[in-house]
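Take 0 as the starting number for the sequence shown in numbering that gives the first Met the number 0 and just add one per residue.
Think of the CB as a built atom: it goes at the ideal place given N, C-alpha and C, for glycine as much as any other residue.
Since the structure is predicted, the reported quantities are computational estimates derived from the model, not experimental observations.
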Amino acid sequence: MALHIGAHVDQEDPIAEAKARGASLSQLFLGDPQSYKGPVIRYAGGAAALRADAEAAGIDLYVHAPYPINVASLNNRIRIPGRKLLQQHLTAAAEIGAKGVIVHGGHLGVDEDAAKGFDNWRKCIDGLDLPVPLLIENTAGGDNAMARRLEAIARLWDAIGTAAGSDQVGFCLDTCHAHAGGNDLGTVVDEVRAITGRIDLVHANDSRDEFDSGADRHTNFGSGHIAGDAVAGVIRAAGAPVVCETPGGLEGQTADIAWLRAQVD
Numbered sequence: 000m001a002l003h004i005g006a007h008v009d010q011e012d013p014i015a016e017a018k019a020r021g022a023s024l025s026q027l028f029l030g031d032p033q034s035y036k037g038p039v040i041r042y043a044g045g046a047a048a049l050r051a052d053a054e055a056a057g058i059d060l061y062v063h064a065p066y067p068i069n070v071a072s073l074n075n076r077i078r079i080p081g082r083k084l085l086q087q088h089l090t091a092a093a094e095i096g097a098k099g100v101i102v103h104g105g106h107l108g109v110d111e112d113a114a115k116g117f118d119n120w121r122k123c124i125d126g127l128d129l130p131v132p133l134l135i136e137n138t139a140g141g142d143n144a145m146a147r148r149l150e151a152i153a154r155l156w157d158a159i160g161t162a163a164g165s166d167q168v169g170f171c172l173d174t175c176h177a178h179a180g181g182n183d184l185g186t187v188v189d190e191v192r193a194i195t196g197r198i199d200l201v202h203a204n205d206s207r208d209e210f211d212s213g214a215d216r217h218t219n220f221g222s223g224h225i226a227g228d229a230v231a232g233v234i235r236a237a238g239a240p241v242v243c244e245t246p247g248g249l250e251g252q253t254a255d256i257a258w259l260r261a262q263v264d
């Protein structure tokens, strides 16, 4: 299996970052990942140049949406700005020729009605223009999370399935989040695919914390609590492009990409 693989990198030059890692794709933020401010293209020459140069280099681009986005929220001050920000990133991602935008599933407060959160997701998808696929990522923590446990993912997909544009909504499976969220990596690919019909991207990460800990802490392969053959098994079963979101910058991610290739190829 020839891996289509890369890493989450700084956005100034994701093409050079991919080449430095011997990779064929890059994932990046457009702007501040902790802010509600709109996307910013920092590549020299702007969006059009990044699109053209990435295509010429054979490097696929993926955009990760900012962390504060929570379109499931019952709080208007969170949900409405989050929808607006998500649309801005989808539009910007299309301008740079990205293959998709990854966004976390979000969560509600412990005592809030989860059904309202799933319906807010439906309303969100109904109202979005989706020029590129929107890939919802499973999350590690939260007892009232929209995409932590398989039962919640099933309810989320049932809700989204009634929205216009649902065919442009895919799934990003994160191995650290699945492990920390209490999902068996040996079966999670088949279980998620049975629910969603698709896995569009894999975030391949080891976990600093134990199974079902609820902790979202990535680490390099071999230094955490996930067995190497479990990560490789997910990648083989998913058959999707792979992004390493592991620490250590160029050195750490290059080593992790090489390690994964050796395990999977």
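Three CB pairs or more closer than 8 Å across the region 205-217 and the region 16-32: no
query: With a Cβ-Cβ cutoff of 8 Å, do residue 62 and residue 100 count as a contact?
result: yes
message: Could you pull the DSSP bridge partners for residue 266 from this structure?
response: For residue 266 there is no data in the structure shown, the boundaries of the chain being 0 and 264.
task: Spell out the partners DSSP gives residue 222 in its beta bridges.
output: DSSP lists no partner for residue 222.
task: Take residue 152 as the anchor and find which of 64, 229, 237, 106 has the nearest alpha-carbon.
output: 106
task: Using the DSSP secondary-structure output, state which residues sit across from residue 243 in a beta bridge.
output: 6, 203
- request: Quick one: residues in its chain with C-beta nearer than 7 Å to the C-beta of residue 121, no 5 flanking neighbours on either side, listed in chain order?
  value: 158, 159, 161, 162
message: Using 8 Å as the cut-off, can you tell me whether the region 5-22 makes contact with the region 66-77, which would need three or more C-beta pairs spanning the two stretches below that distance?
response: no
message: Bridge partners for residue 106 per DSSP, in chain order?
response: 144
CA nearest to the CA of residue 134, picked from 128, 168, 150: 168
message: Taking the alpha carbon of residue 89 as the reference point, which residue from 104, 29, 118 has its own alpha carbon closest?
response: 29
message: Tell me the rounded alpha-carbon separation between residue 230 and residue 190.
response: 16 Å
Sub-8 Å separation of residue 143 and residue 172 beta-carbons: no
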